[in-house]
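Q: Going by my numbering, the sequence shown opens with residue 41, and the numbers climb by one from there. So that we are looking at the same thing, I have put the structure below in structure tokens.
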Amino acid sequence: MSLQLKDKFQSSIVNTVFYPLFVKVAAFYSTDECIGCGLCEKLCPLKNIQIKDHRPVWGKECTHCMACIAKCPKKAIEYGKKSKGKNRYYID
41 MSLQLKDKFQ SSIVNTVFYP LFVKVAAFYS TDECIGCGLC EKLCPLKNIQ
91 IKDHRPVWGK ECTHCMACIA KCPKKAIEYG KKSKGKNRYY ID
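Printed below as a string of structure tokens:
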């Protein structure tokens, strides 16, 4: 199955509107449970996370894949109040 030009066009319209309005990188944070292992940095497909002072810091290129949240061994990454107390899922 390959993407058609119209699919790419429709997707670009959605992404142009959706990401600036609804995707807020500033909502990501690590709790005191964070051990600074760097797994989130390694998993980020856009290389958008850097470890500084043993804590993750998010850049501006997040696509909300949620790999950092889902795979954190200490469940120490949250997204505002939306992820608190929620199960973590990840499909390999």
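Glycine residues also receive a C-beta, built at the ideal position from the N, C-alpha and C atoms.
Between the Cα of C80 and the Cα atoms of C108, K114 and A66, which residue gives the shortest distance?
A: C108
Q: Assuming K100 is part of the alpha helix (DSSP H), what are its boundary residues?
A: Run containing K100: none; DSSP gives neither H nor E here.
Q: With respect to 7 Å, is the separation between the Cβ of P113 and the closest non-hydrogen atom of the ligand ZN below this value?
A: This structure does not include the ligand ZN; it has no bound ligands of any sort.
Q: Go ahead and label I117 buried or exposed: buried means 16 or more other beta carbons lie within 10 angstroms of its beta carbon, across all protein chains shown.
A: Per the 10 Å Cβ criterion, buried.
Q: Are three or more beta carbon pairs between the segment 88-96 and the segment 122-130 nearer than 8 Å?
A: no
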